[in-house]
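Under our numbering, the first residue of the sequence shown carries the number 5, and numbering increases by one thereafter. The beta carbon of each residue, even a glycine, is placed where N, CA and C say it ideally should be. Report on the structure given below.
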Amino acid sequence: MKILFIVYCNGSHLPIFPQNIAYLVSACKAAGHQADVYLQDIHHFPDSHITQFLDESEYDVVGLGFVAGYYQYRKAIDIAQAVNESKRRGDFIFVLGGHGPSAAPEYFREILKADLVVIGEGERFFGEPEFTVLPDEKKNAELLTVSNCVSSDLNFGVIDDVDRIHWPAYEDFPIEIYRLSQFPTSKETDFCMPILSGRGCLWKCTFCYRMVPGFRPRDPWAVIDEMSYLQKEWQINHFNFSDELFMSSKERIHLFCEALIKARMDPIPWAETKLKPFKWDCSGRLNFAKPKELELMKRAGCEYVNYGIESLNDNVLMKMKKGLSVQTITEGIKATLEAGLTPGLNFMWGNIGDNEETLDEMVSFLLAHDRCMELRTIRPVTPYPGSPLFDYAVENGYLEGVEDFYENKHINSDLLTCNFTDIPDERFHHLLFTANAMLINNYTGEVRAQNLARARKLYDMKDKTFRGFRPI
Numbered sequence: 005m006k007i008l009f010i011v012y013c014n015g016s017h018l019p020i021f022p023q024n025i026a027y028l029v030s031a032c033k034a035a036g037h038q039a040d041v042y043l044q045d046i047h048h049f050p051d052s053h054i055t056q057f058l059d060e061s062e063y064d065v066v067g068l069g070f071v072a073g074y075y076q077y078r079k080a081i082d083i084a085q086a087v088n089e090s091k092r093r094g095d096f097i098f099v100l101g102g103h104g105p106s107a108a109p110e111y112f113r114e115i116l117k118a119d120l121v122v123i124g125e126g127e128r129f130f131g132e133p134e135f136t137v138l139p140d141e142k143k144n145a146e147l148l149t150v151s152n153c154v155s156s157d158l159n160f161g162v163i164d165d166v167d168r169i170h171w172p173a174y175e176d177f178p179i180e181i182y183r184l185s186q187f188p189t190s191k192e193t194d195f196c197m198p199i200l201s202g203r204g205c206l207w208k209c210t211f212c213y214r215m216v217p218g219f220r221p222r223d224p225w226a227v228i229d230e231m232s233y234l235q236k237e238w239q240i241n242h243f244n245f246s247d248e249l250f251m252s253s254k255e256r257i258h259l260f261c262e263a264l265i266k267a268r269m270d271p272i273p274w275a276e277t278k279l280k281p282f283k284w285d286c287s288g289r290l291n292f293a294k295p296k297e298l299e300l301m302k303r304a305g306c307e308y309v310n311y312g313i314e315s316l317n318d319n320v321l322m323k324m325k326k327g328l329s330v331q332t333i334t335e336g337i338k339a340t341l342e343a344g345l346t347p348g349l350n351f352m353w354g355n356i357g358d359n360e361e362t363l364d365e366m367v368s369f370l371l372a373h374d375r376c377m378e379l380r381t382i383r384p385v386t387p388y389p390g391s392p393l394f395d396y397a398v399e400n401g402y403l404e405g406v407e408d409f410y411e412n413k414h415i416n417s418d419l420l421t422c423n424f425t426d427i428p429d430e431r432f433h434h435l436l437f438t439a440n441a442m443l444i445n446n447y448t449g450e451v452r453a454q455n456l457a458r459a460r461k462l463y464d465m466k467d468k469t470f471r472g473f474r475p476i
């Protein structure tokens, strides 16, 4: 079968490598399908170009995947319209997937006029030599999940052994462009790439929707093999482990980091070469942010750990089932900084139990601990469809359902979708503006101080290394 995946444009000058689509392309090719990618993210084609492209092409399947979000929702509507306007629309199946459609399949199948929604990991669908839904049957296609949208004689479910999944189809993408995107601690000369070391998360926070439960780690040496390939082919020296949660346990941290250190010191047995110098970032869990583990991560090349802190109030943390305490958070961030790592500090306000004092606590913490490597602000909590918080919002009258969420309430990630506090909406937004104004001033003040220091060094010390004032 001939399959086309659409990688939509999100307005970024330098887009990040679309791992999800690259994994599906590999699955398609392994099953004997022809898989192409439409790279709107790089070329910034207008949506009307999709219609023109499909009019001039012949495909059996057109796939579109996206996460939940106000921008992604509006973009998906526009792309779906372009797909459905093609004069060849009757010749192909229009398939949706990802966290957005998987959480509300019936809604998205109807509003985007798609033929089916693949729920869960798409490799289960696209990795089959034959699809159950054939082109002449697609008009009557029912809502399909990963477990029943392919051959019925195979037992499909969660892909337990993630090491059996083929690498992303790097060779089918312009990595020379994608490697130019940067991470918080990247230098101008770094070549950067996201890479998965595992899938899933062990925690069940109320604000989060998970397509697949649990955490499934890859073998560290399988990941190292992929890193070596990326170094050899595209000179990648800055990796971002884009797992939902890299720091899943102390044991996992030790196993992975010790393998990375060994690969930096000794030749990889099957490659007969060592990994070239590299650095990496990851998502962290403050339960495991202890001095021993963080120092090991530092020795293994880690520079940046992105933490989902969310709140600095024990009552709020308990209500969101975060599995953290304020003491754990405070000690973990202190240990991260002492290990020489940069922490990413993510907070959201407006959850059940939040008030003006809990916002003040977040601001004080950020002002005290933020290294200003990036602009950090506080956003209101969003009850995304599929999450326990969404169910709570519907059951308690904050939302009428999925359509109300996307069409009426979730208009921007930095504005209220549902107000779970006792604070009136206008005052809520005023307080959030005041808090974020302090954080913005703190960040711009640090940037200003750094530029002034460079200027002082230039003129007072006649700094010969100065190469002009550039953004910091």
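Tell me the DSSP bridge mates of S287? N310
Using a Cβ-Cβ distance cut-off of 8 Å, determine whether R303 contacts chain B. Of the chains in the structure shown, none is chain B; there is only one protein chain.
Could you say which of E114, H103, I163 lies nearest to G131 if we only look at CA atoms? I163
Residue ranges of each beta strand (DSSP E) within the segment 208-252, 3 or longer: 218-221, 242-245
Relative to the C-alpha of S252, which candidate in I415, S246, Y308, F292 has its C-alpha closest? F292
Have a look at W238 and Y174 and give me their C-alpha separation to the nearest angstrom. 10 Å
Output yes or no for whether 8 Å exceeds the beta carbon distance between P198 and S246. yes
Can you tell me where the alpha helix (DSSP H) with M324 in it begins and where it stops? From DSSP, M324 is part of no alpha helix (DSSP H); its letter is neither H nor E.
Should Y463 be labelled buried (16 or more other beta-carbon atoms within 10 Å of its own) or exposed? exposed
From K325, A80, S190, pick the residue whose C-alpha is nearest to that of S391; which is it? K325
Span separating the alpha-carbon of W353 from that of I382: 7 Å
Going by DSSP, which residues form a beta bridge with K33? The partner list for K33 (beta bridge, DSSP) is empty, contrary to what the question assumes.
Quick one: any contact between the segment 353-364 and the segment 411-431, if contact means 3 or more CB pairs under 8 Å? yes
Assign M366 to buried or exposed, taking buried as 16 or more other Cβ atoms, counted over all protein chains shown, within 10 Å of its Cβ. buried
So, with DSSP's three-state summary, where would you put Y480? The structure shown does not extend to residue 480, since the chain spans only 5 to 476, so no value can be given for it.
Neighbourhood of Q235 by C-beta, 6 Å cutoff - its chain only, sequence neighbours within 5 removed: K280
Closest to V29 by CA distance: which of I10, G15, Y308, T193 is it? I10
Residues in the same chain with beta-carbon distance under 7 Å from I337, minus the five sequence neighbours each way, listed in chain order, please. P347, H373
With a CB to CB cut of under 8 Å and the five nearest residues on each side skipped, what residues in its chain are close to I444? L379, T381
Along the chain, where does the alpha helix (DSSP H) that runs through T193 open and close? Here T193 belongs to no alpha helix (DSSP H), and DSSP marks it neither H nor E.
Which residue wins for smallest C-alpha separation from L249, given the options K466, H242, V309, K266? V309
Buried or exposed (CB count within 10 angstroms, at least 16 for buried), A441: exposed
Give the straight-line distance between the Cα atoms of Y111 and A439, rounded to the nearest whole angstrom. 36 Å
Mind checking K283: buried by the 16 CB within 10 Å criterion, or exposed? buried
Just checking my contact of Q76 with G104 at CB under 8 Å: how many whole Å lie between their CB atoms? 6 Å
Taking 8 Å as the cut-off, does the segment 35-52 touch the segment 13-26 (at least 3 CB pairs, one atom from each stretch)? yes
Out of P221, L58, L120, which has the shortest C-alpha to C-alpha gap to D95? L58
Would you kindly work out how many angstroms separate the C-alpha atoms of H17 and I240, rounded to a whole number? 20 Å
Can you tell which of I7, A34, A39, F49 has the C-alpha that lies nearest to the C-alpha of G525? Given that the chain is displayed from residue 5 to residue 476, the structure contains no residue 525 and the question cannot be resolved.
Buried or exposed, going by whether 16 or more other CB atoms sit within 10 Å of the CB of I415? exposed
Taking the alpha carbon of K89 as the point to measure from, which residue in S106, D64, Q56 has its own alpha carbon closest? Per the sequence shown, the amino acid found at residue 89 is Glu instead of Lys. The candidate whose alpha carbon is nearest that of E89 is Q56.
Is the Cβ-Cβ distance between Y388 and A118 less than 8 Å? no
Counting only the same chain and skipping the five closest in sequence on each side, list residues whose C-beta sits under 7 Å from that of E230. W171, I199
Enumerated in chain order, which unbroken segments of the beta strand (DSSP E) with a length of 3 residues or greater are wholly contained in the segment 54-80? 65-69
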